[in-house]
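Contents: one structure, followed by commentary.
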Amino acid sequence: SQELEQSPQSLIVQEGKNLTINCTSSKTLYGLYWYKQKYGEGLIFLMMLQKGGEEKSHEKITAKLDEKKQQSSLHITASQPSHAGIYLCGADPVEGAQKLVFGQGTRLTINP
Amino acid sequence: NAGVTQTPKFQVLKTGQSMTLQCAQDMNHEYMSWYRQDPGMGLRLIHYSVGAGITDQGEVPNGYNVSRSTTEDFPLRLLSAAPSQTSVYFCASKIAGELFFGEGSRLTVL
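From first to last, the protein sequence lines are chains A and B. By the numbering used here, the letter at position 17 of the first sequence is numbered 229, and the numbering carries on one by one without gaps. By the numbering used here, the letter at position 48 of the second sequence is numbered 50, and the numbering carries on one by one without gaps.
Structure follows, in structure tokens:
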């Protein structure tokens, strides 16, 4: 079965610093999704990547999918308190399978 | 636009009791799914449906039943609750690759 490993599991950074969260799979990813979850709430869609080498940005968050489509990174520039939460990557294990699976999540804390 | 609505938000059960978590969406999405979230384990897919009358199992289906009689509703049933089913449950609908999540239902089984 598809397994997604996220690293690190938790991250504490000072406000204003940059940070990167990684999501790695042993198998090809047919769709890679990034979600953010605020503590005690539901998940909010951030970005979807499908093509090898694809990169997308929204405000200060950039996500990339490597050429082999087995690893994705989420980069936050000049972090703010509003970036705090749990970030999860999700992926389709088989193209068109409709069984989106998720990594275990990365808990991000922003210190003032 | 309400999006995905889950009820109840909190529930405490005794071992062996049954209950249904309700999920409704008003976006006319064909795809709906149920996940459970446990500490350190991310989200795990329980069941999903690609349309009315069609359901299929996810990663952790044991102990849970679902049905999809309408496009809008996708209830999750626990027939005989066990402490291992203590978790936060999320319902989601999907269109064009984007999952829309409900706010979650926190279930405790004593």
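For glycine and all other residues, C-beta sits at the position ideal for the given N, C-alpha and C.
Sort out for me which residues DSSP pairs residue i with in a bridge.
i, result
"B/GLY106", "Answer by DSSP bridge pairing: none, since B/GLY106 is not bridged."
"A/ILE288", "A/LEU231 and A/ILE273"
"B/HIS49", "B/TRP36 and B/GLN59"
"B/GLY18", "The partner list for B/GLY18 (beta bridge, DSSP) is empty, contrary to what the question assumes."
"B/LYS96", "B/TYR33 and B/LEU101"
"A/ASN323", "A/GLN226"
"A/GLU217", "A/THR236"
"B/GLN13", "B/LEU109"
"A/VAL160", "The structure shown has nothing for residue 160 of chain A, since chain A only spans 213 to 324."
"B/ALA54", "For B/ALA54, which the question treats as bridged, DSSP gives no partner whatsoever."
What first and last residue would you give for the beta strand (DSSP E) that runs through residue i?
i, result
"B/THR88", "It is not in any beta strand (DSSP E) - B/THR88 carries neither H nor E in the DSSP assignment."
"B/ARG70", "Note, B/ARG70: premise wrong, no beta strand (DSSP E); not H, not E."
"B/LEU80", "78 to 80"
"B/GLY5", "Neither: B/GLY5 is in no beta strand (DSSP E) and is coded neither H nor E."
"A/GLN226", "222 to 226"
"A/ALA303", "297 to 303"
Closest to residue i by CA distance: which of the options is it?
i, options, result
"B/MET29", "B/SER107, B/GLU105 and B/ILE97", "B/ILE97"
"A/ILE273", "A/LYS280, A/LYS263, A/GLN282 and A/GLN292", "A/GLN292"
"A/LEU216", "A/GLU227, A/LYS229, A/VAL225 and A/SER237", "A/SER237"
"B/MET43", "A/THR321, A/ILE322 and A/GLN316", "A/GLN316"
"B/CYS93", "A/LYS239, A/GLN262, A/GLU253 and A/GLY228", "A/GLU253"
"A/GLY264", "A/PHE314, A/ILE288, A/GLN282 and A/PRO305", "A/GLN282"
"B/VAL52", "B/PHE76, B/ASN64, B/ASP40 and B/VAL6", "B/PHE76"
"B/TYR37", "B/LYS16, B/GLY55, B/GLN27 and B/TYR66", "B/TYR66"
"A/GLN262", "A/SER269, A/TYR245, A/VAL225 and A/GLU271", "A/TYR245"
"A/MET260", "A/HIS287, A/SER219 and A/GLY302", "A/GLY302"
"B/LEU78", "B/TYR50, B/GLU32 and B/GLU100", "B/TYR50"
"B/PRO63", "B/TYR33, B/LEU47, B/LYS16 and B/THR17", "B/LEU47"
"B/SER95", "B/ALA84, B/LYS11 and B/SER35", "B/SER35"
"A/PRO220", "A/LYS250, A/ASP304, A/HIS287 and A/ASP278", "A/HIS287"
"B/THR22", "B/VAL6, B/GLU105, B/ALA83 and B/LEU112", "B/ALA83"
"A/LYS248", "A/PRO324, A/ALA296, A/THR232 and A/PRO305", "A/ALA296"
"B/PHE12", "B/THR88, B/LEU101 and B/GLU100", "B/THR88"
"A/LYS239", "A/SER284, A/THR321 and A/THR318", "A/SER284"
For residue i, decide whether its Cβ has a neighbour in chain C, counting only Cβ atoms nearer than 8 Å.
i, result
"A/GLU253", "Structure shown: chain C not included; protein chains present are A and B."
Go through the region 239 to 283 of chain A residue by residue and report every complete run of the alpha helix (DSSP H) that reaches 4 residues or more, in order. The region 239 to 283 of chain A contains no whole alpha helix (DSSP H) run of 4 or more residues.
Along the region 66 to 84 of chain B, where does the CB come closer than 7 Å to a CB of chain A? Name the residues. So the list is empty, because no residue satisfies the distance condition.
Given a limit of 8 Å on CB to CB distance, which residues of the region 297 to 321 of chain A reach chain B? Within the region 297 to 321 of chain A, the residues whose Cβ lies closer than 8 Å to some Cβ of chain B are LEU300, GLY302, GLN310, LYS311, LEU312, VAL313, PHE314, GLY315, GLN316 and GLY317, listed in chain order.
Can you pull out the residues from the region 240 to 251 of chain A whose beta carbon lies closer than 9 Å to at least one beta carbon of chain B? So the list reads GLY243, TYR245, TYR247 and GLN249, given in the order they occur along the chain.
Taking any Cβ of chain A, which residues in the region 38 to 52 of chain B have a Cβ under 7 Å from it, in chain order? Hits within the stretch, in order: GLY42, MET43, GLY44, LEU45, LEU47, TYR50 and VAL52.
Chain A contacts made by the region 81 to 105 of chain B, where a contact means CB separation under 7 Å: Correct list: PHE92, GLY99, GLU100, LEU101, PHE103, GLY104 and GLU105.
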